[in-house]
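Take a look at the structure below.
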Amino acid sequence: MDDQEKAPRSARVRAPELTGEGGWLNTGGHQYSLAELRGRIIVLDFWTFCCVNCLHVLDELRELEERHRDTVVVIGVHSPKFVHEADHQAVVDAVERYGVEHPVLDDPRLTTWKQYAVRAWPTLVVIDPEGYVVAQHAGEGHAHAIERLVEELEAEHTAKGTLRRGDGPYVAPEPVATSLRFPGKVLLLPSGNLLVSDTTRHQLVELASDGESVVRRIGSGTRGLADGPADRAEFNEPQGLAALDDGSVVVADTVNHALRRLDLVSGEVTTLAGTGRQWWQGSPTSGPAREVDLSSPWDVALFGGKVWIAMAGVHQLWTYDPADGTVTVAAGTTNEGLVDGPGTEAWFAQPSGLAAAGDRLWVADSETSALRWIGPDGAVRTAVGTGLFDFGHRDGDAEQALFQHPLGVTVLPDGSVAVSDTYNHALRRYDPATGEVTTLATDLREPSDAVVVDGDIVVVESARHRLTRLRLPEEAVRVDGVAHRTRREATEVAPGPLSLDVVFQAPAGQKLDARYGPSTRLLVSSTPPELLRSGEGAGTDLTRTVDLDPEVGEGVLHVSAMAASCDDDPANEYPACHVHQQDWGVPVRLVPAATNRLTLVLAGMP
Numbered sequence: 382m383d384d385q386e387k388a389p390r391s392a393r394v395r396a397p398e399l400t401g402e403g404g405w406l407n408t409g410g411h412q413y414s415l416a417e418l419r420g421r422i423i424v425l426d427f428w429t430f431c432c433v434n435c436l437h438v439l440d441e442l443r444e445l446e447e448r449h450r451d452t453v454v455v456i457g458v459h460s461p462k463f464v465h466e467a468d469h470q471a472v473v474d475a476v477e478r479y480g481v482e483h484p485v486l487d488d489p490r491l492t493t494w495k496q497y498a499v500r501a502w503p504t505l506v507v508i509d510p511e512g513y514v515v516a517q518h519a520g521e522g523h524a525h526a527i528e529r530l531v532e533e534l535e536a537e538h539t540a541k542g543t544l545r546r547g548d549g550p551y552v553a554p555e556p557v558a559t560s561l562r563f564p565g566k567v568l569l570l571p572s573g574n575l576l577v578s579d580t581t582r583h584q585l586v587e588l589a590s591d592g593e594s595v596v597r598r599i600g601s602g603t604r605g606l607a608d609g610p611a612d613r614a615e616f617n618e619p620q621g622l623a624a625l626d627d628g629s630v631v632v633a634d635t636v637n638h639a640l641r642r643l644d645l646v647s648g649e650v651t652t653l654a655g656t657g658r659q660w661w662q663g664s665p666t667s668g669p670a671r672e673v674d675l676s677s678p679w680d681v682a683l684f685g686g687k688v689w690i691a692m693a694g695v696h697q698l699w700t701y702d703p704a705d706g707t708v709t710v711a712a713g714t715t716n717e718g719l720v721d722g723p724g725t726e727a728w729f730a731q732p733s734g735l736a737a738a739g740d741r742l743w744v745a746d747s748e749t750s751a752l753r754w755i756g757p758d759g760a761v762r763t764a765v766g767t768g769l770f771d772f773g774h775r776d777g778d779a780e781q782a783l784f785q786h787p788l789g790v791t792v793l794p795d796g797s798v799a800v801s802d803t804y805n806h807a808l809r810r811y812d813p814a815t816g817e818v819t820t821l822a823t824d825l826r827e828p829s830d831a832v833v834v835d836g837d838i839v840v841v842e843s844a845r846h847r848l849t850r851l852r853l854p855e856e857a858v859r860v861d862g863v864a865h866r867t868r869r870e871a872t873e874v875a876p877g878p879l880s881l882d883v884v885f886q887a888p889a890g891q892k893l894d895a896r897y898g899p900s901t902r903l904l905v906s907s908t909p910p911e912l913l914r915s916g917e918g919a920g921t922d923l924t925r926t927v928d929l930d931p932e933v934g935e936g937v938l939h940v941s942a943m944a945a946s947c948d949d950d951p952a953n954e955y956p957a958c959h960v961h962q963q964d965w966g967v968p969v970r971l972v973p974a975a976t977n978r979l980t981l982v983l984a985g986m987p
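Here the sequence shown is numbered in our numbering, starting from 382 and rising by one per residue.
Encoded structure:
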């Protein structure tokens with residue numbers, strides 16, 4: 382659907398009720414209904430806390446919430462992918478961890494997700510003051526379009542007398558006093574002290590060798606991007622830490638989309654890479670480090686003389702060269718999934734942990750629940766993991782072993798690899814010599830990183846807000862194996878030709894602009910690849926016919942769509958343009974009598 386095909390205003394759909402077994406958070410205990418919110422403009426944010434794209438949208442919505450706080454109510458509808466994300470306490474933790482300052486409905490059984498026919502994380506749905514759905518947007522980059530729509534709705538419903546202004550339903554939770562708050566990563570310093578990224582408090586904390594006593598804090602604790610001395614520098618949810626050859630530390634300043642440098646002697650913080658803006662398709666992928674946008678760098682590691690960056694936001698690995706101050710893409714295509722091969726062809730899914738040892742760089746690829754590695758040839762290989770939708774806690778041979786959203790990886794003294802198996806609350810071990818996966822420790826709470834100290838291992842228990850020191854056991858703990866699939870139900874479609882349509886309606890006052898080439902892109906693939914007899918690959922049309930093999934029976938369609946819209950003002954020589962993009966992984970089951978059409982909404986109404 383092009384930008385001229387507007388959904389008729391007469392096609393009014395009443396918003397379904399908001400229902401979630403986990404109840405409401407950030408409301409002071411009140412359980413809301415839509416009727417109580419009538420008269421306000423509601424933006425539903427369907428998210429899950431494992432999803433980096435969802436975290437990007439949380440940041441996109443902050444300014445909208447601030448500018449329209451007396452008319453707009455943003456409601457997060459937490460809709461889990463992983464089993465751990467259906468744990469109510471985990472949702473409570475995530476809401477605090479990521480600074481969510483609006484009501485959140487915990488919907489562990491995806492009840493509201495199904496009522497709104499949502500197919501992807503993140504998805505935004507706008508409800509007008511009379512309780513009707515007026516727009517749906519999947520993916521990132523829609524904040525400007527929603528703001529324009531909000532302004533239209535404010536004017537329309539002010540004139541009709543149906544807009545109700547006032548304070549929103551958000552009630553801030555009581556702060557909790559702890560030395561650390563959702564720490565992310567840890568680094569052993571030459572002094573024997575430990576440096577920890579205190580993510581939710583936007584600081585770095587140096588702890589004594591006991592892992593508890595605070596030596597100093599670096600950063601003001603205010604969310605921001607500012608260089609300077611330790612008490613005035615600002616971070617925004619920092620994560621990864623790595624020691625440089627000059628004795629300083631490089632920091633993955635995740636939500637600032639930047640790399641920072643900490644001088645351990647003076648405490649001075651400077652910026653090494655990134656502009657503070659998020660990278661989008663079409664932006665430069667190499668060049669002077671301070672001039673190139675990054676996207677949610679989650680971890681860093683020194684490997685082969687360069688700083689490797691787990692660029693979680695675009696499913697790639699980048700490198701920063703300290704010698705000449707440049708960055709470039711090292712591996713990954715930006716497509717989300719698990720595909721091995723040369724770096725230029727490999728797919729990642731939110732790489733979040735790095736560790737270098739000898740001639741291997743180990744990668745915790747969180748969304749595929751996989752352990753992967755890169756060798757001297759630059760090729761990407763998978764040690765453990767099968768893809769986006771299979772996860773669990775199962776030991777044994779690597780070909781059948783399972784993790785659940787691991788965020789950290791640590792090389793052990795014997796050359797094996799410890800995996801911070803975050804959503805399994807466990808520390809796992811992979812032995813490259815035998816190909817076996819075992820469990821080192823359980824009953825951790827969302828471990829996100831670990832470091833070896835004097836033969837012991839110090840684990841970041843992120844959701845317990847502490848470091849925990851463990852003896853490395855001579856024999857691994859054995860656990861009963863369990864396997865899971867994603868919680869989403871498969872969509873039934875007919876075998877054979879399937880019409881795939883991605884709906885995109887340009888925001889009011891904008892249009893698709895093809896002056897510099899195609900303004901839309903569609904990429905289609907499948908797991909297993911045999912599911913698609915034809916129709917895979919890249920193209921510029923948002924409508925495509927694919928052919929599904931009836932012999933395969935079921936699988937996952939991977940659909941990635943992008944559209945760029947620009948201000949529609951002939952008098953403006955340099956119109957502002959915006960990129961909208963989303964990746965869908967749609968589980969499908971082939972049923973002869975089912976529909977032969979699949980519609981995915983990037984922006985607009987189906």
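C-beta atoms are modelled at their ideal positions from N, C-alpha and C, and glycine is treated no differently.
Counting only unbroken stretches of 3 or more residues, the beta strand (DSSP E) elements lying wholly within the stretch 806-843 are 807-812, 817-822, 828-834, 837-842, in sequence order. For Cys958, the uninterrupted beta strand (DSSP E) run begins and ends at 958-971, by DSSP. With contacts defined by Cβ atoms closer than 8 Å, Arg847 and Leu561 form a contacting pair. DSSP places Ser747 in the helix class (H, G or I) of the three-state scheme. Leaving aside the five residues that flank Pro956 on each side, the residues in its chain whose CB is nearer than 8 Å to its CB run, in chain order, Asp894, Cys947, Asp948, Asp949, Asp950.
Classified as buried, Asp776 has 16 or more neighbouring CB atoms from the shown chains inside 10 Å of its CB.
The beta carbon of Arg925 is closer than 7 Å to those of Leu881, Leu903, Val905, Gly916 in its chain, skipping five residues each way along the sequence.
One alpha carbon belongs to Val798, the other to Arg810, and they sit about 6 Å apart.
When C-alpha distances from Val473 are compared across Ala416, Val630, Glu555, the shortest belongs to Glu555.
Across the structure, Ser664 and Asp674 are spaced so that their CA atoms are roughly 7 Å apart.
Taking 8 Å as the cut-off, the Cβ atoms of His786 and Ser750 count as close. Contact between Leu735 and Val790 holds, since their C-beta atoms are separated by about 7 Å, short of 8 Å. Bridge pairing for Phe885: Ala984 [DSSP].
If you draw a straight line from the Cα of Ala623 to the Cα of Leu568, it is about 7 Å long.
A buried status is given to Asp830, since no fewer than 16 other beta-carbon atoms sit within 10 Å of its beta-carbon.
In this structure, Thr539 lies away from Phe563, with their beta-carbon atoms at least 8 Å apart. Between the stretch 513-524 and the stretch 452-468, the count of Cβ pairs shorter than 8 Å is below three; the stretches do not touch. Beta-bridge annotation (DSSP): Leu675 is paired with Gln659. In the structure shown, Gly773 falls within a strand segment according to DSSP collapsed to helix, strand and coil.
Non-local C-beta neighbours of Ala945 in its own chain, meaning closer than 6 Å and more than five positions away in sequence, comprise Ser900, Cys958, Val960, ordered along the chain. With contact defined as three or more Cβ pairs closer than 8 Å, the stretch 421-433 and the stretch 530-545 are in contact. Classified as buried, Val841 has 16 or more neighbouring CB atoms from the shown chains inside 10 Å of its CB. Between Asp746 and Gly756 the beta-carbon gap is near 16 Å, outside 8 Å, which marks them as no contact. Under the three-state reduction of DSSP, Glu593 is assigned to coil, being neither helix nor strand. DSSP, read as helix, strand or coil, puts Cys947 in strand. Contact fails between the stretch 584-598 and the stretch 497-504, because fewer than three Cβ pairs, one in each stretch, are under 8 Å apart. Of the other Cβ atoms in all chains shown, 16 or more fall within 10 Å of the Cβ of Asp488; this residue is therefore buried. For Pro669 against Ala633, the beta-carbon gap comes to about 19 Å, at or over 8 Å, which does not count as contact. Relative to the Cα of Met986, the nearest Cα in the group Val884, His523, Glu417 belongs to Val884. CA-CA distance, Ser667 to Ala704, rounds to 15 Å.
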